[in-house]
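Novice: First, the structure itself, so that you have it in front of you.
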Amino acid sequence: MQFSLLGSLEVVADGRPIAVGGVQQRLALSMLLLHHNSVVPTRQMLQALWPDEVPASARKMLHNAVSALRRLLEMSEPAGERPQLLTQAPGYRLQVQPESIDVVRFQRLAAQGHQALAAGEWEAASVRLREALDLWHGPLLPDLAEQGIDWPEAAVLRNARLNALEDRIEADFQLGRFMELTGELEALAEQEPLREGLCAKLMRLLYQRGRQADALAVYRRTREALVDRLGLDPSPELQELELAILNHDASLMAAPAAGGAVKAASTTWSVAEPVAVDEMRWTTALLVSARPAFGRTLTGEDFALLRDRICATVSEEAGARWTYAVVDECALAGSEPDVPLWLVTSELDGVDSAASNRAVRLARSINARFSPVSGLERPDGGWLPFEVRVAVVAGEVHLRREARRGSRPWISADLAARCRQLLADPAAGPIEVCPTTTEALHTPEGPEPPPFLCRDHELRALDRALRSARDLRQPHLLTVFGEDGAGRSRLLREWARGLRDVTLLSVASSRGSDRVSGLAALVRAAAGIHANEPAHVVAARLTELISRLVDSHRAPWMLAHVDGLLGLDGTPVAITAESFDALTQFFEALARAKPLVLLVDDLHVAGDLVPAFLDHLLRYSGGVPLLVVASARPDLLTRHPSWGSGMVRGGSLCLSPLPDAVVATLLWQSYRSTLETRPGGTPEHCPEHLLAFAAELGGNPLFAVEYGRMLATSPDAVPARPGLTRIPYAVRSRLECLLDTLPAEARAVLYDASLVDGDFTERAVAVLASDARSRQAGRWLRVLAQRGVLRVTSDASGETGRYSFADPRLREVTRGRVPDDVRSRKGDLLKGMPRVLDAAHR
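Just so you know, we're using this note's numbering here: the sequence shown kicks off at -17 and counts up by one.
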């Protein structure tokens, strides 16, 4: 016997249809089939058949419907083969072969199709998903619509069908079947205007076929539907797609994979699919604890009210940057069972002074909501006084994130111990911070900045770029690449000090800011507007500046876009191609009045609109002396692979490591200036142990400064292996940040490599990797060597032989991210493979 639910309910036995009479019988059979081989409680059956109001005779009517279904099943199949409809407390169970139900077959085929798509097997995905979708023969269970009923199970199936449809379209798109897809996608996007995935695919397809106006019309229709029905704007990805179409982004014309071949493995930092890596992440976290005032106890009702009050406060103060959750009290052994706890972490922050400052500010804002006399009003009119404590932990506290546990972090034993220690101290105040956070908040700057050395080549390159922009009166771009601590920002500051007869605008990008704040910062810098100035002052200053720069015909148009960007009218900003044109003409007018130098520091953390606008500015302005200098880490090219490409007047600098002699000078300068702030004498010459230590710092000026400070306060901190010394806070935060910028596959390779003592080979890392990753280990080792993270040496034959970490400190930080259970398991694997270890050390 075969059952079909994906459309009108159909029952077929021996090739002939079996009529199921009565709406109650059809709905009862549908519900039992959706929960086949499981007991469906009578209460659930009654609610499914009569969701609005269950009549007094409902149980009798349900019993009659079940009896009729039993007779139908008994007459349709031999006794040994027919499904069994059993009465089993607290309801009914339909015992049936799962494959006889089309829903089960659909789910199996759809799962196979999704898996094939994830693996890049386009043809297999298309075939399996088509087979799954072909099982649908109409709207799902029209009896439900006729009765005005909608079951959650039905909504799940409808969404599953749309997901399968989207993935099948994606597979066909990758196979180049554009002609068949256009009409189908247009109809689907019309029927499902809230499915942004369908909208995005249709927009790309229409744009590739030369129908730009139609692609933008699809976006407008989807946006209107989202705003009207849900009060939401389109996702950032869809907004960026609209902007890419408006800008004729060349990446939109990229050809899909041909012939259904599996996706080629990328040899760049960009990877096609995110990869889950079992790792420990360094971050900044808060633990919020609420307890009744001294001498008071919580009842169950008090406990529920207190949880609601604190949860609402944490939610309001934390906002979108932070994630938070009520922690299972068992996670903190020894904590009071009636004390609710909230763990608050940030996915955007790592371990640095800015993250620690944000965490402490959040702790203060939460604590400020609860004065010492604040209380909680009970339903009976009484009050329950209570107190709130917040612990801020950072640096050496681990939060573990795993794919199988989702994106929400969970507390490690280390975090539990630190939080318990901070919160349990009877002398503790309302806000307690761990020593690492204190170090981050009070990192000394020293009495004077370290000397600026050995960057003459880079300064001359900046001078040449500015001279070319002036002489040719054309826009130029120069990107300064360098790892954290290499001196990108210092180079820009030192160069800017010597500039004359130019308009200099300097902007520092910030992490986690909203989409338009980066563009707004550029405009504020141009107009000399401070962030806290009143709106009427800002408006007057902009009006005066723009009126002076452009003619009266263009001024109102330009002013409208600039005012909107700064949010002076309080309405949400929609950035379009026209907005980019207005801003481009604004900066072009500034450059026409006087040569313009635009310095954008830390472009890698800016929102996507900033590099998109700078690209637009450089491509569509002309005849003016304009120089854009952007500093960034190399991972800027991960997010924006085409940055700077195709520009005739563009170039880049890469800050190379400083020579050991220069690093020794910086180390000695930092060491001496730190000692001058303390009692006692200062040595006249650099101690020998500092000179030897300088060679171990990898040419990084920041490392030299931070280690100089540390060694001045603890001279005995230099061991035989510098990588094993206590790592200064600022150095560790840079190393953590470096790891975070790597793709997941690269991090996984480094985690495995860090477990091998000393040098390692490709084979040793492949042994530690999972089966799926072992074949790619060598490729990622070579890419990491190109990035400078690893050093590589060749054997006698010239073939690549041994690898090692370029910085021994990075190995220690990397190894600390490997969870204990993974480290133990892979350590046992290495012990059982002595030949691999021998090869690694030969």
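A virtual CB, placed ideally from N, CA and C, is assigned to each residue, including glycine.
Decide if proline 457 is buried, meaning its Cβ has at least 16 other Cβ atoms within 10 Å, or exposed.
Specialist: Buried: at least 16 other Cβ atoms inside 10 Å.
Novice: Check each candidate in Val519, Asp533 and Ala509 and name the one with the smallest Cα separation from leucine 527.
Specialist: Minimum Cα distance to leucine 527 is reached at Ala509.
Novice: Is the beta carbon of leucine 55 sitting closer than 8 Å to the one on leucine 67?
Specialist: Yes. Within cutoff.
Novice: Would you please state the rounded distance, in angstroms, between the beta carbons of glycine 469 and leucine 637? I believe it to be under 8 Å.
Specialist: Confirmed, about 6 Å.
Novice: Per the DSSP calculation, arginine 615 is bridged to which residue(s)?
Specialist: Partner(s): none; arginine 615 has no beta bridge.
Novice: Return the first residue and the last residue of the beta strand (DSSP E) that aspartate 583 is part of.
Specialist: 578 to 583 is the span of the beta strand (DSSP E), which, as asked, contains aspartate 583.
Novice: Arginine 631 by DSSP, collapsed to three states: which one?
Specialist: If DSSP states are grouped into helix, strand and coil, arginine 631 belongs with coil.
Novice: Is the segment 180 to 188 touching the segment 140 to 159, taking contact as three or more C-beta pairs under 8 Å?
Specialist: Yes: at least three Cβ pairs fall under 8 Å.
Novice: Buried or exposed: valine 579, going by 16 or more other Cβ atoms within 10 Å of its Cβ?
Specialist: Result: buried.
Novice: Please state the DSSP three-state secondary structure of methionine -17.
Specialist: If DSSP states are grouped into helix, strand and coil, methionine -17 belongs with coil.
Novice: Let me check understanding here. Comparing Cα to Cα, which of Phe675, Val795 and Val774 lies closest to cysteine 719?
Specialist: Taking only the C-alpha atoms, the option nearest cysteine 719 is Val795.
Novice: Among Ala573, Ala788 and Arg110, which has the Cα closest to the Cα of alanine 153?
Specialist: Answer by Cα proximity: Arg110.
Novice: Specify, as a first and last residue, the run of the alpha helix (DSSP H) that glutamine 156 falls within.
Specialist: Run containing glutamine 156: 134 to 156, per the alpha helix (DSSP H) assignment.
Novice: Answer yes or no: do valine 582 and valine 544 have a C-beta to C-beta separation smaller than 8 Å?
Specialist: Cβ atoms of valine 582 and valine 544: not closer than 8 Å.
Novice: Please work out which residues of its chain come closer than 6 Å, Cβ to Cβ, to alanine 702, disregarding the five sequence neighbours upstream and downstream, and give them in chain order.
Specialist: Bear in mind that the predicted position of alanine 702 carries a pLDDT of just 39, short of 50, making it unreliable; the figure below should be weighed with that in mind. Nothing meets the Cβ criterion.
Novice: For glutamate -8, list the residues DSSP reports as bridge partners.
Specialist: Answer is Ser(-14).
Novice: Is it buried or exposed for aspartate 438, if we count other Cβ within 10 angstroms and need 16 for buried?
Specialist: Classification for aspartate 438: exposed.
Novice: How big is the Cα-Cα spacing for arginine 797 and glycine 809?
Specialist: Going by the C-alpha atoms only, they are around 12 Å apart.
Novice: Determine the contact status of valine 825 and alanine 399, defining contact as a CB-CB distance below 8 Å.
Specialist: Lying outside -17 to 824, the shown extent of the chain, residue 825 is not represented and no answer is given.
Novice: Please state the DSSP three-state secondary structure of alanine 237.
Specialist: Because the pLDDT at alanine 237 is just 48, under 50, the model does not fix this residue reliably, and the value given afterwards should be weighed accordingly. If DSSP states are grouped into helix, strand and coil, alanine 237 belongs with coil.
Novice: Looking only at DSSP bridge pairs, what is glutamine 129 linked to?
Specialist: For glutamine 129, which the question treats as bridged, DSSP gives no partner whatsoever.
Novice: Can you tell me where the alpha helix (DSSP H) holding proline 683 begins and where it ends?
Specialist: Counting along the chain, the alpha helix (DSSP H) containing proline 683 begins and ends at 683 to 695.
Novice: Apart from the five residues on each side of it in sequence, which residues of its chain come closer than 7 Å, Cβ to Cβ, to arginine 523?
Specialist: Taken in chain order, the residues that qualify are Ala509 and Ile511.
Novice: Rounded to a whole number of angstroms, what is the C-alpha to C-alpha distance between isoleucine 884 and phenylalanine 368?
Specialist: The structure shown does not extend to residue 884, since the chain is modelled only from -17 through 824, so no value can be given for it.
Novice: Can the beta-carbon of serine 613 be found less than 8 Å from the beta-carbon of leucine 585?
Specialist: Result yes, Cβ atoms of serine 613 and leucine 585 sit closer than 8 Å.
Novice: To which residues of the same chain is tyrosine 689 closer than 8 Å at the C-beta, ignoring the five residues directly before and after it?
Specialist: Closer than 8 Å at the Cβ level, and outside the excluded window around tyrosine 689, lie Leu649, Ser652, Phe675, Leu679, Pro710 and Val713.
Novice: Between the segment 760 to 778 and the segment 724 to 739, can you find at least three pairs of beta-carbon atoms closer than 8 Å?
Specialist: At 8 Å Cβ cutoff, the stretches touch.
Novice: From alanine 575 to aspartate 196, what distance separates their C-alpha atoms?
Specialist: The alpha-carbon atoms of alanine 575 and aspartate 196 are separated by roughly 40 Å.
Novice: Between alanine 677 and the rest of its own chain, which residues show a CB-CB distance below 7 Å, the 5 nearest in sequence each way excluded?
Specialist: Asp642, listed in sequence order.
Novice: Return yes when the Cβ of leucine 28 is within less than 8 Å of the Cβ of alanine 40, no when it is not.
Specialist: A contact, by the Cβ cut-off of 8 Å.
Novice: Can you list, in chain order, the residues of its chain whose CB lies under 7 Å from that of leucine 548, leaving out five sequence neighbours each side?
Specialist: Only Ala502, Val505 and Val520 meet the Cβ criterion.
Novice: Apart from the five residues just before and just after alanine 694, which ones in its own chain have a Cβ nearer than 6 Å to its Cβ?
Specialist: Result list for alanine 694: Tyr653, Thr656 and Leu657, in chain order.
Novice: Determine the direct distance from the alpha carbon of alanine 114 to that of glycine 95, and round the result to whole angstroms.
Specialist: Each residue's Cα considered, the two are about 9 Å apart.
Novice: Could you tell me the boundaries of the alpha helix (DSSP H) in which glutamate 440 lies?
Specialist: Segment 438 to 454, the alpha helix (DSSP H) holding glutamate 440.
Novice: Given a cut-off of 8 Å on the beta-carbon distance, is the pair valine 342 and leucine 423 in contact?
Specialist: Cβ atoms of valine 342 and leucine 423: closer than 8 Å.
Novice: Within the same chain, show all residues whose beta-carbon is closer than 7 Å to that of alanine 573, passing over the 5 residues directly before and after it, in chain order.
Specialist: Excluding residues within five positions, the ones whose Cβ falls inside 7 Å are Val606, Pro607 and Leu608.
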